[in-house]
Structures are given as C-alpha cells and as structure tokens.
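Peer 1: Please find one structure pasted underneath; my questions will follow.
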Amino acid sequence: MDRLDGHEPAEASRHRAVLDEVGPRLKRLRAQRGLTLAALAEETGISKSTLSRLESGQRRPSLELLLPLAGAYRVPLDDLVGAPEVGDPRVRLNPRPLPSGGTFVPLTRMPGPLQAYKLLIPDRGTEPELKTHEGYEWLYVLDGRLRLVLGEHDIVLGPGEVAEWDTRLPHWFSSADGRPVEVLSLFGRQGERMHVRAKPQA
C-alpha cells in the first residue's frame, strides 16, 4: 500500500542511511591502503569516474560494483556495506592506520605477552629508516613481496617465507615491488620468542 502521509517508512530510512555510508567507507579504505583512483580502477576494471562518484555518494552502490572492490580490498562484502552485526557470530576486525604508512588489523583479542597482527604494508620508498625498540618479531608473508632490512642485511621475502628477529636490531620493511604486501606478524614486547613444541616426524 502506498503511503499518503509523506513520511518514509522506518525500514526504508535505515536502508538509505546504510547506503549513504558506503561512499565514505570506500574512500577511507582506499586512503588506508594508499591507493590512487587510477590504481584501483586498473585493479577492479571500474572506471575512475565511477569510483569517484561512488565515493562521493553520487552513484548508488550495486553488487556488480561492490564485489570487485571487496576483492581488491580483501575484505568481506558486509564490511563495505556496514551490515548489522546483531546475531552475527563472526569476530569483527577493525583495520587501523600504521604510523609509518599502511594498515594493521589486531588479531589477538586478549592482552598477553604475544600479540598477533595482520599488516598491509605499502611501498615506503627505497631509503630505509631503520628503527629499534624492545621486543621480538616474527613475520610471515601472506601475499606480495616484502623488502626487509635487518642491520646490514637487505632481503626480499615472498609468500610463505618467514623472518624473525630481536627488534633491538635496527630494522625496516616495505613493499618490494610497489604493490601492498600482506603480512602476518607475531610480536612480543618483552622479547618473547615463539616456541615450537610440535614438529613433524623426520
């Protein structure tokens, strides 16, 4: 039945509010990953003008547009549209910006000596800015190529490769080829190392 009082139904109003938030959310994700509209257009096949209109709210999001964007950002489709979390048993992980550029996602929900993170590391240039601090770090490359500088060593790691070091050693890492690299990190602030107690039989 058509409404005659001129007021929008509450459900329709909520849907409109959800859609209005998609554009700003897409813009934040692109900024967090350090991507230009041109780079995103090349990766998704969506034109720069369409991406710009999506982010500004001038174009309504559709499944046809959101699916390739979710793939490019490597996030669930629900994260792009801000689907309600009520009754959803999944753990919601909130990406946060890294001070030196890129994004990190805390994976450990409870405080403890070891903390796990997923990192999305951009190209930070070719001149390393070596840093030191207390702790011990273990890195596993999930996707992409990671340039890691440890003291006098300058190495490149690919998917499936691991590095670990005492973070009092001067270190720096960046994408090795200009594309963001995904990394799993385990970090112990007091220098805790991982202890492997179950090993495969020789």
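Quick note: to get our numbering, add 12 to the position in the sequence shown (first position is 1). Every residue gets a Cβ at the ideal spot worked out from N, C-alpha and C, and that includes glycine. Keep in mind that this is a model prediction, so the values were computed, not measured.
#1: Could you give the residue range of the alpha helix (DSSP H) that holds residue 161?
#2: Using 8 Å as the threshold, is the C-beta distance between residue 173 and residue 153 below it?
#3: Are the segment 179–189 and the segment 122–136 touching, with three or more C-beta to C-beta distances below 8 Å?
#4: Residues in its own chain within less than 7 Å of residue 31 by CB, not counting five upstream and five downstream?
#5: Locate the beta strand (DSSP E) running through residue 132, then write down its first and last residues.
#6: Rounded to a whole number of angstroms, what is the C-alpha to C-alpha distance between residue 33 and residue 65?
#7: Return the CA-CA distance between residue 147 and residue 162, expressed in angstroms with no decimal places.
#8: Answer with buried or exposed for residue 168, where buried requires no fewer than 16 other C-beta atoms within 10 angstroms of its C-beta.
#9: Taking only the alpha-carbon atoms, compute the straight-line gap between residue 181 and residue 117 and give it to the nearest angstrom.
#10: Could you name the residues of the same chain whose beta carbon sits closer than 7 Å to that of residue 56, not counting the 5 residues immediately before and after it, in chain order?
#11: Looking at C-alpha atoms only, which residue of 76, 45 and 44 is the closest neighbour of residue 59?
Peer 2: Once the coordinates are examined:
#1: Counting along the chain, residue 161 falls outside any alpha helix (DSSP H), though it belongs to the beta strand (DSSP E) covering 158–162.
#2: yes
#3: yes
#4: 72 and 73
#5: 126–133
#6: 13 Å
#7: 14 Å
#8: exposed
#9: 24 Å
#10: 80, 81 and 84
#11: 76
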